[in-house]
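With our numbering, letter number 96 in the sequence shown gets 158, and the count goes up by one each step, no holes.
Idealized CB from N, CA, C, for every residue including glycine.
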Amino acid sequence: MAPVRRDECLGLSQRRRLSCWTNPPEMDGNQYTMPEKPPRRIPAADVDFLISALHRIKLNGRLHGHLEDMENWFDNANDWIDPDMLPFPDGSCKFCEPDISLPAGCHRYPKDANSLRDALRQLKAVDVVMKLIRKSLSQRVMCLGKRCAELELQNGLRGTPDEVLSHIFQLAHLSSGRQGHRVTTTLASVCTRFRTICLQSPGMWSSLSSHQAPATIRLNLARSKESQLSIFLAQRLRVFPDRNMVEFLHIVTPHSRRWAYLEISTRDHTHFAKTFSMYTALDLPKLSHIRCIDPNAGHQMTHGPFIHFCSMWNIPSLKRFDANNVVPDQNSVGAHIRECYLKWNAWESGAKKRTTVNTVELPIEYLSGCLRTLASLRHLNLDFEDARINSGLFLDVPPRTNHWLT
63 MAPVRRDECL GLSQRRRLSC WTNPPEMDGN QYTMPEKPPR RIPAADVDFL
113 ISALHRIKLN GRLHGHLEDM ENWFDNANDW IDPDMLPFPD GSCKFCEPDI
163 SLPAGCHRYP KDANSLRDAL RQLKAVDVVM KLIRKSLSQR VMCLGKRCAE
213 LELQNGLRGT PDEVLSHIFQ LAHLSSGRQG HRVTTTLASV CTRFRTICLQ
263 SPGMWSSLSS HQAPATIRLN LARSKESQLS IFLAQRLRVF PDRNMVEFLH
313 IVTPHSRRWA YLEISTRDHT HFAKTFSMYT ALDLPKLSHI RCIDPNAGHQ
363 MTHGPFIHFC SMWNIPSLKR FDANNVVPDQ NSVGAHIREC YLKWNAWESG
413 AKKRTTVNTV ELPIEYLSGC LRTLASLRHL NLDFEDARIN SGLFLDVPPR
463 TNHWLT
């Protein structure tokens with residue numbers, strides 16, 4: 063008996079796996095690279111069949127305005143037989159529209175099975191050709207669409223007046239908070255036109271932060287001209303004096319009459335008080351919004367040193383006060399404040415994880431007494447995230463005040 067080959071005993075799927083193992087893909091250095099699949103070629107006969115069908119579709123569409131006629135696909139459909147001559151009635155086809163060229167609205171079919179299979183093969187071949195064409199067309203549409211979108215964006219920006227772009231830039235600057243100066247720097251570095259627009263918009267340079275270099279602060283002050291300023295003061299070091307804060311205050315306090323927004327973040331009460339001891343009589347006629355962050359209030363319920371100096375400043379236009387771990391009253395923020403957002407939490411400045419060391423002991427009577435002094439208050443939002451409050455106590459808020467407690 064002749065020996066039986068091993069691959070003859072294997073099934074088709076097993077032989078394929080064996081072939082893939084014994085004939086590994088080509089290697090390029092230490093990595094395997096699969097051979098590229100050649101692009102599929104479209105047979106010329108199938109293309110000719112599709113072209114002839116398109117000519118018939120064009121002719122029939124011009125004459126009748128429909129595509130349901132079987133003659134659109136085959137030029138010899140008139141020689142086919144009607145369904146009544148077949149062994150089984152056609153009725154209505156559930157896959158496509160009926161052939162409206164027939165009185166009964168049914169399809170015609172080739173006379174024999176071989177012709178039927180040939181017609182089916184031709185239609186399948188055309189279907190493959192059309193799928194390849196649709197794929198290529200989709201790729202070109204995406205490519206040209208992307209390029210068209212780029213050109214439309216460029217042309218749209220070119221046609222947009224500088225005044226409109228300046229307004230958009232200033233909205234982006236104002237909505238970025240303490241990062242407003244970064245927005246300005248980024249926009250000004252895009253192109254010459256954007257830089258010119260930024261330089262012609264004084265409000266784009268109105269955000270001043272103690273994290274900026276002194277030369278940058280002076281340059282931005284000059285570029286801001288007479289626009290209102292947003293001041294961001296952050297105490298980064300626990301040493302005295304904090305040279306960044308001292309030099310920053312030395313530069314910006316001569317322009318205090320232009321301040322409209324002030325945000326202060328303290329880390330050490332003692333050093334902060336020493337730094338601000340030279341600025342006890344600031345004139346802030348345009349200051350309308352103050353935000354004070356005191357992450358190290360600890361268990362003490364105190365106004366904080368900032369509130370102490372705030373009580374000595376001239377702030378007749380102050381309407382809103384936001385604070386973390388700080389309680390305002392009429393003596394500190396004035397009687398004209400209308401909005402107040404207070405929050406107590408235990409976040410450390412610059413830390414990513416929460417700590418429980420500085421959980422605030424909040425005497426509700428003390429808070430109520432301070433809030434009652436704010437006679438003009440209309441909107442109050444209190445967030446007791448990490449505050450421990452004695453249960454059963456009543457929080458008294460000023461009358462005609464919309465308040466939210468979380």
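Whole-angstrom C-beta distance between Ala322 and Lys287, which should lie under 8 angstroms: At roughly 14 angstroms, the Cβ-Cβ gap does not stay under 8 angstroms, so Lys287 and Ala322 are not in contact.
Paired residues, beta bridge with Asp345 - DSSP: Asn376
Distance CB(Leu291)-CB(Ser327) smaller than 9 angstroms: Result no, Cβ atoms of Leu291 and Ser327 do not sit closer than 9 angstroms.
Start and end residues, alpha helix (DSSP H) containing Asn387: No alpha helix (DSSP H) contains Asn387, which DSSP labels as neither H nor E.
Residue range of the beta strand (DSSP E) that includes Lys186: Run containing Lys186: none in the beta strand (DSSP E); it sits in the alpha helix (DSSP H), Ala175 to Gly221.
Closest by C-alpha distance to Phe383, when choosing among Phe334, Arg440 and Leu344: Looking at the Cα atoms, Arg440 is the closest of the given residues.
Nearest-angstrom Cα separation, counted from Leu219 out to Met374: 49 angstroms
DSSP three-state assignment for Cys253, whether helix, strand or coil: For Cys253, the secondary structure class from DSSP, reduced to helix, strand or coil, is coil.
Straight-line gap, Thr247 to Tyr428 (C-alpha atoms, nearest Å): Using only the alpha carbons, I get a separation of about 45 angstroms.
Inter-residue spacing [alpha-carbon to alpha-carbon] between Thr435 and Arg319: The C-alpha of Arg319 is placed about 27 angstroms away from the C-alpha of Thr435.
Closest Cα partner of Ser350 within the set Thr337, Cys372 and Phe338: Cys372
Residue interval of the alpha helix (DSSP H) (run including Asp224): Asp224 to Leu236
Trp321 - DSSP class collapsed to helix/strand/coil: Of the three classes helix, strand and coil, the one that applies to Trp321 here is strand, per DSSP.
For His351: DSSP bridge partner residues: Tyr323 and Arg382
Alpha-carbon spacing of Gln241 relative to Thr222, whole angstroms: Going by the C-alpha atoms only, they are around 26 angstroms apart.
Option in Leu206, Glu212, Pro264 and Leu442 with minimal Cα separation from Phe231: Pro264
CB contact flag (Glu401, Leu442, <9 angstroms): yes
Segment limits, alpha helix (DSSP H) that includes Ile426: Ile426 to Arg434
First and last residue of the uninterrupted beta strand (DSSP E) at Glu401: Run containing Glu401: Glu401 to Trp406, per the beta strand (DSSP E) assignment.
Residues bridged to Leu291 (per DSSP): Trp321
Cβ-based neighbour list, Cys354, same chain, cut-off 6 angstroms, excluding 5 preceding and 5 following: Ile326, Phe368, Ala385 and Val388
Where Ser263 sits in the DSSP three-state scheme: In the structure shown, the three-state DSSP call for Ser263 is coil.
Rounded straight-line distance, which links the Cα of Tyr403 to that of Ser251: Spanning the alpha carbons of Ser251 and Tyr403 requires a straight line of approximately 37 angstroms.
CB of Ala187 within 9 angstroms of CB of Phe136, strictly: no
Nearest-angstrom Cα separation, counted from Ser200 out to Ser237: Within the model, the alpha-carbon separation for Ser237 versus Ser200 is close to 40 angstroms.
Simplified DSSP assignment, three categories, for Phe446: strand
Whole-number beta carbon distance between His317 and Ser269, since they are thought to touch under 8 angstroms: Their Cβ separation, rounded to whole angstroms, is 13 angstroms, which puts Ser269 and His317 out of contact at 8 angstroms.
Host beta strand (DSSP E) of Ser271 (start-end): Ser269 to Ser271
Exposure label - Asp356; buried when at least 16 CB within 10 Å: buried
First through last residue of the alpha helix (DSSP H) which encompasses Arg240: From DSSP, Arg240 is part of no alpha helix (DSSP H); its letter is neither H nor E.
Nearest residue (CA-CA) to Asp189, options Ala284, Tyr341, Asn282 and Ile113: Ile113
Strand pairing of Ala296, partner residues [DSSP]: Ser327
Close beta carbons around Glu214, own chain, < 7 angstroms, minus the five adjacent residues each side: none
Proximity of Leu283 and Val314 at Cβ, strictly below 9 angstroms: yes
Run of the alpha helix (DSSP H) containing Arg305, from where it starts to where it stops: Element bounds for Arg305: Arg305 to Val314.
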